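Colleague: Chains A and B supply the protein sequences, listed in that same order. Quick note, the first sequence lines up with residues 267 to 463 if you use my numbering. Quick note, the second sequence lines up with residues 10 to 486 if you use my numbering. Sharing a structure below in structure tokens format, with a few things to ask.
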Amino acid sequence: MEAFTTHTGRAVPLRRSNVDTDQIIPAHWLKKVTRDGFEDGLFEAWRKDSSFILNQPERAGATVLVAGPDFGTGSSREHAVWALQNYGFKAVISSRFADIFRGNSLKNGLLTVVLEQKIVDALQELTEKDPQAEITVDLEAREVRAEGITAAFELDENARWRLLNGLDDISITLQNEGDIAEYEAKRPSYKPKTLQV
Amino acid sequence: MGRTLAEKVWDDHVVRRAEGEPDLLFIDLHLLHEVTSPQAFDGLRQAGRPVRRLDLTIATEDHNTPTLDIDKPIADPVSRAQLETLRKNCAEFGVRLHSLGDVEQGVVHVVGPQLGLTQPGTTVVCGDSHTSTHGAFGALAFGIGTSQVEHVLATQTLPLARPKTMAITIDGELPEGVTAKDLILAIIAKIGTGGGQGYILEYRGSAIEKLSMEARMTICNMSIEAGARAGMIAPDETTFEYLKGRAHAPEGEEWDAAVAYWKTLKTDEDAVFDAEVVIDGPSLAPFVTWGTNPGQGAPLSASVPDPASYEDASERMAAEKALEYMGLTAGQPLRDIKVDTVFVGSCTNGRIEDLRAAAAIVGGRKVADGVRMLVVPGSARVGLQAVSEGLDVVFKEAGAEWRHAGCSMCLGMNPDQLAPGERSASTSNRNFEGRQGKGGRTHLVSPQVAAATAVLGHLASPADLVDSSAARTPAGV
Ligand code: SF4
């Protein structure tokens, strides 16, 4: 997993609340057998509408999603996070995220930032007026900054430490590789092996 | 204080224990299949990680495999892509794979035990909830999600919080005609589909001790339907007997050392379970489901329950919805329910004893007019064994279809499906809406009940066949 320290990028203001994971990535995309290539499925239904914000040329290359409240509700599919990341998003800002989505996002290195609704509103206004406006999400300082806006955010220390160091569950376990090797050395030899006999 | 079986196996696998963290558990056996592994392999690839223990990992194809024309290309593109991806991944990473057509291919939970890989006191995981099956050997076995599959591939461990333990004691003789399937359906009806949530179940008591390994697997298989991630049965002579001589069972001195360890795998006299349930063996009867979850079941001699009889509002609503979906009315005798399809197979009841039991009942009889009976062995080897005993001929002569191994109609990911509105008696484990095909209606039953139902055309037990010539005409559904 890529480490996240601080990120600055242009934004997509998404003025919708209760965006569920089926809207983020529709079910038929779940048949895919890889973790990448979900970018075209992101918000697939809405993108059929040419006026949808993601379709606007000035939003190309944006990396911060400023979403309405209750983002990521519904099915637990991790594909929703992959789709956002595959599309290029590094951080999502909202006043409220669904729990499972938030857990999945932090596990995968997509920073989900919770800010008060009035600050989210201000960020949306700013980036609606000026598509070139940049938002900085600073995980070291636990701060979001944009023109005229500075807002602190909370993130539990363990999740922050993992993101700052780019540690996924597997790398954390592998930090205890010594313990695993020690256990393996002591395993009785009668334990089953799958190698072809 | 003494420890339970589950606690002993757990403790023997702790790689690392630290305050405020879940235990890091070593995994002895990792089973893979095509549905839940692709993204896990992809994750390894992206991170440049190898499979840590190829010698503790094995894959088979089951969920998507067709049960007819297995030598022809698979028609459904999604199924084909999943199988091809598994083959590619196993080749790339070096994982042992049993593909369609291979003698060891089959439903992953039938293959592990049959190879002798599932052993007492081991930890077994697979990206499939019915991994609980392997607990029949006194193994700690549970299903995991795709990111955990990747975690096990990369580290051969899993960070886990220890569940609580529940004893389910069944004493006494099971009456004639009552099988392991009836027993587990009755248990689930009693404790509910959420009753086991957060627990590892241990099935014990004299009725369990008398069961064969295959029957024990049927019981542990459905632990997940009671909400428990794992179910276990203490290993005993029956277990050792089953394992002895299997391809991956230890031999010679290793065997002796293993058995000495296995014999310690019993709940201590003074151990305390977090919860206990007692079931009276002699009071049980053949059991079938009438609803859309495995807890909605009743003795075959009963009638479809009246939703109004439920005190709990959510249970009442669930029953109402279930009756509507199932097209049943309260008060209708379960024996009057006519079926279109009978499915004998799956990791619950697709082993050789199950096929023998079903064959013994349909032998010399005919599948009722208008009923389609599908017999799908749980593995290619079970299929071969059945053929060597002539069971395939018995089934075919009775008018049943004899198929190749796989999950088949258990979940209808392959072409074996119910059409909307069709009704089945199925030896599988889930009667959820649409599980066997969109709009399909499922009654979970034992192989014996499945076979008798196939002959009579309505839900029935073998006892109903005694005067089958005078079989009463069901009132129609
Ligand atoms: S037979 Fe059914 S329950 Fe068993 S692994 Fe296959 S699909 Fe799952």
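Backbone N, C-alpha and C define an ideal beta-carbon position, used for all residues, glycine too. Here the structure is a predicted model, which is why all the values come from computation and not from measurement.
1) In chain order, what residues of the same chain have a beta carbon less than 7 Å from the beta carbon of B:E442, not counting five sequence neighbours either side?
2) Can you list, in chain order, the stretches of the alpha helix (DSSP H) that have 4 or more residues and sit fully within the segment 305-348 of chain A?
3) Can the beta-carbon of A:A399 be found less than 8 Å from the beta-carbon of A:A412?
4) For B:Q269, report the span of its alpha helix (DSSP H) as first-last.
5) Compare the C-beta of B:F249 against all C-beta atoms of chain A and say whether one is closer than 8 Å.
6) How would you list, in chain order, the residues of chain B whose beta-carbon sits under 8 Å from the beta-carbon of A:P335?
7) Give me the Cβ distance between B:G147 and B:P129, rounded to the nearest whole Å; I'm assuming they're in contact under 8 Å.
8) Please report the straight-line C-alpha distance between B:T164 and B:V60, rounded to a whole angstrom.
9) So, with DSSP's three-state summary, where would you put A:D283?
10) At a Cβ threshold of 8 Å, is A:N431 touching chain B?
11) Using 8 Å as the cut-off, can you tell me whether the segment 71-83 of chain B makes contact with the segment 321-340 of chain A, which would need three or more C-beta pairs spanning the two stretches below that distance?
12) With DSSP as the reference, label A:K459 as helix, strand or coil.
13) Using the beta-carbon count (16 or more within 10 Å), is B:S478 buried or exposed?
14) In or out: A:K384 buried (at least 16 other Cβ within 10 Å) or exposed?
15) State buried or exposed for B:M175, treating a residue as buried only when at least 16 other CB atoms are found within 10 Å of its CB.
16) Look at the alpha carbon of B:R360 and the alpha carbon of B:H118, and state the distance between them as a whole number of angstroms.
17) Can B:C356 and B:T74 be called in contact, C-beta distance under 8 Å?
18) Let me check you understand the geometry: is the CB of B:N438 closer than 7 Å to at least one non-hydrogen atom of ligand 1?
19) Would the beta-carbon of B:C416 be found less than 7 Å away from any heavy atom of ligand 1?
20) At which residues does the alpha helix (DSSP H) containing B:V133 begin and terminate?
21) Could you check how far apart the C-beta atoms of B:R390 and B:G115 are, in whole angstroms? I think they sit under 8 Å.
22) Report all residues from its chain with a CB closer than 8 Å to the CB of B:E211; omit the five preceding and five following residues, and keep chain order.
23) Starting from B:G152, follow the beta strand (DSSP E) in both directions and report where the run begins and ends.
24) Keeping to the same chain, check which residues put their C-beta closer than 7 Å to that of B:F404; ignore five residues upstream and five downstream.
25) Does A:R301 get closer than 8 Å to chain B when you measure Cβ to Cβ?
26) Looking at the unbroken beta strand (DSSP E) that takes in B:I67, where does it start and where does it end?
27) Here's the rule: buried if 16 or more other CB atoms are within 10 angstroms of the residue's CB, otherwise exposed. What is B:G485?
28) Does any residue of chain A have a CB that is nearer than 8 Å to the CB of B:T66?
29) Have a look at B:L162 and A:G432 and give me their C-alpha separation to the nearest angstrom.
30) Could you tell me if A:D315 is buried or exposed, where buried requires 16 or more neighbouring beta carbons within 10 angstroms of its beta carbon?
31) I want to verify the contact list: residues of chain A whose CB lies under 8 Å from the CB of B:V87, in sequence order.
32) Using a C-beta to C-beta distance shorter than 8 Å, which residues of chain B count as neighbours of A:Y456?
33) Between B:F296 and B:L194, which are expected to be in contact by the criterion C-beta below 8 Å, what is the C-beta distance as a whole number of angstroms?
34) Look at B:L337 and B:V376 and say whether their C-beta atoms are less than 8 Å apart.
35) Apart from the five residues on each side of it in sequence, which residues of its chain come closer than 6 Å, Cβ to Cβ, to A:Y465?
36) What does a CB cutoff of less than 8 Å around A:F419 pick up in its chain, not counting 5 residues either side in sequence?
Modeller: By the coordinates alone:
1) On the second sequence, residue 442 of chain B is found 433 positions in, with the first residue counted as 1. Within the same chain, B:E442 has close Cβ partners T301 and Y334.
2) 310-313
3) Translated into positions along the first sequence, residue 399 of chain A becomes position 133. Translated into positions along the first sequence, residue 412 of chain A becomes position 146. Contact flag set, yes.
4) Along the second sequence, read from residue 1 onward, the residue named residue 269 of chain B stands at position 260. The sequence given here places Ala at residue 269 of chain B; Gln does not occur at that position. Judged by DSSP secondary structure, B:A269 falls within the alpha helix (DSSP H) whose first and last residues are G261 to W271.
5) Within the second sequence, residue 249 of chain B is the residue found at index 240, counting from 1. For B:F249, no CB of chain A lies under 8 Å from its own CB, so it is not counted at the interface with that chain.
6) In the first sequence, residue 335 of chain A corresponds to position 69, counting from 1. The premise fails here: A:P335 is roughly 27 Å from chain B at the closest Cβ pair, so nothing lies under 8 Å.
7) Position 138 of the second sequence, counting from 1, holds the residue named residue 147 of chain B. Position 120 of the second sequence, counting from 1, holds the residue named residue 129 of chain B. Between B:P129 and B:G147 the Cβ distance is about 4 Å, and since that is below 8 Å, they are a contact.
8) Here the question's residue 164 of chain B lines up with position 155 in the second sequence. Here the question's residue 60 of chain B lines up with position 51 in the second sequence. So the two alpha carbons sit approximately 8 Å from each other.
9) By 1-based counting over the first sequence, the position of residue 283 of chain A is 17. According to the sequence displayed, residue 283 of chain A carries Ser and not Asp. Here A:S283 sits in coil by DSSP.
10) Position 165 of the first sequence, counted from the start, is the residue given in the question as residue 431 of chain A. Taking Cβ atoms only, chain B never reaches closer than 8 Å to A:N431, which makes this a no.
11) Too few Cβ pairs lie closer than 8 Å, so no.
12) Sequence index remark: in the first sequence, residue 459 of chain A carries index 193 (1-based). A:K459 falls in the coil class under three-state DSSP.
13) In the second sequence, the residue the question calls residue 478 of chain B occupies position 469. Residue placement at B:S478 is poorly supported in this model, since its pLDDT is 45, which falls under 50; the coordinates still yield a value, given next. Looking at its Cβ environment, which holds fewer than 16 other Cβ atoms inside 10 Å, B:S478 is exposed.
14) Sequence index remark: in the first sequence, residue 384 of chain A carries index 118 (1-based). Exposed, since its Cβ has fewer than 16 Cβ neighbours within 10 Å.
15) If you number the second sequence from 1, residue 175 of chain B lands on position 166. When all chains shown are included, B:M175 counts as buried.
16) As a position in the second sequence, residue 360 of chain B is number 351, starting the count at 1. As a position in the second sequence, residue 118 of chain B is number 109, starting the count at 1. One C-alpha to the other measures close to 10 Å.
17) For the purposes of this step, residue 356 of chain B is taken as the residue at position 347 of the second sequence. For the purposes of this step, residue 74 of chain B is taken as the residue at position 65 of the second sequence. Not a contact, by the Cβ cut-off of 8 Å.
18) Taking the first residue of the second sequence as position 1, residue 438 of chain B is located at position 429. Yes.
19) Counted from its first residue, the second sequence places residue 416 of chain B at position 407. Under cutoff, so the answer is yes.
20) By 1-based counting over the second sequence, the position of residue 133 of chain B is 124. Where B:V133 is concerned, there is no enclosing alpha helix (DSSP H), although the beta strand (DSSP E) it sits in stretches over T132 to C135.
21) The residue given as residue 390 of chain B occupies position 381 in the second sequence. The residue given as residue 115 of chain B occupies position 106 in the second sequence. The Cβ separation is near 7 Å, so the contact holds.
22) Residue mapping note: residue 211 of chain B aligns to position 202 of the second sequence, counting from 1. Once the five neighbours on either side are set aside, the close Cβ partners of B:E211 are T13, L14, A15, T174, M175, A176, I177, G240, M241, I242, A243, T276 and F282.
23) Within the second sequence, residue 152 of chain B is the residue found at index 143, counting from 1. It spans L149 to G152 - the beta strand (DSSP E) in which B:G152 sits, taken as one unbroken run.
24) Taking the second sequence and counting its residues from 1, one reaches residue 404 of chain B at position 395. Contacts found: A368, V371, V384 and W411.
25) Position 35 of the first sequence, counting from 1, holds the residue named residue 301 of chain A. Interface residue, yes.
26) Looking up residue 67 of chain B in the second sequence gives position 58. Note, B:I67: beta strand (DSSP E), T66 to T69.
27) Residue mapping note: residue 485 of chain B aligns to position 476 of the second sequence, counting from 1. Any reading at B:G485 needs caution, since the residue's pLDDT is 39, under 50, leaving its predicted position unreliable; the model's value is listed next. Exposed: under 16 other Cβ atoms inside 10 Å.
28) Locating residue 66 of chain B in the second sequence gives position 57, counting from the first residue. Yes, B:T66 lies at the interface with chain A (some Cβ there is under 8 Å from its Cβ).
29) Locating residue 162 of chain B in the second sequence gives position 153, counting from the first residue. Locating residue 432 of chain A in the first sequence gives position 166, counting from the first residue. Roughly 20 Å separates the two Cα atoms.
30) Against the first sequence, residue 315 of chain A aligns to sequence position 49. Answer is exposed; the Cβ neighbour count stays below 16.
31) Numbered from its first residue, the second sequence carries residue 87 of chain B at position 78. Ordered by position in chain A, the residues that pass the 8 Å Cβ test against B:V87 are K297.
32) Position 190 of the first sequence, counted from the start, is the residue given in the question as residue 456 of chain A. Correct list: P259, E263, W264, A266, A267 and Y270.
33) Here the question's residue 296 of chain B lines up with position 287 in the second sequence. Here the question's residue 194 of chain B lines up with position 185 in the second sequence. Right, the Cβ-Cβ distance comes to about 4 Å (below 8 Å), so this counts as a contact.
34) As a position in the second sequence, residue 337 of chain B is number 328, starting the count at 1. As a position in the second sequence, residue 376 of chain B is number 367, starting the count at 1. No, they are not a contact pair.
35) Nothing about residue 465 of chain A can be reported from this structure: the residues present for chain A run from 267 to 463 only.
36) Translated into the one-based positions of the first sequence, residue 419 of chain A becomes position 153. Answer for A:F419: V379, V380, L381, R408, E409 and V410, listed in chain order.
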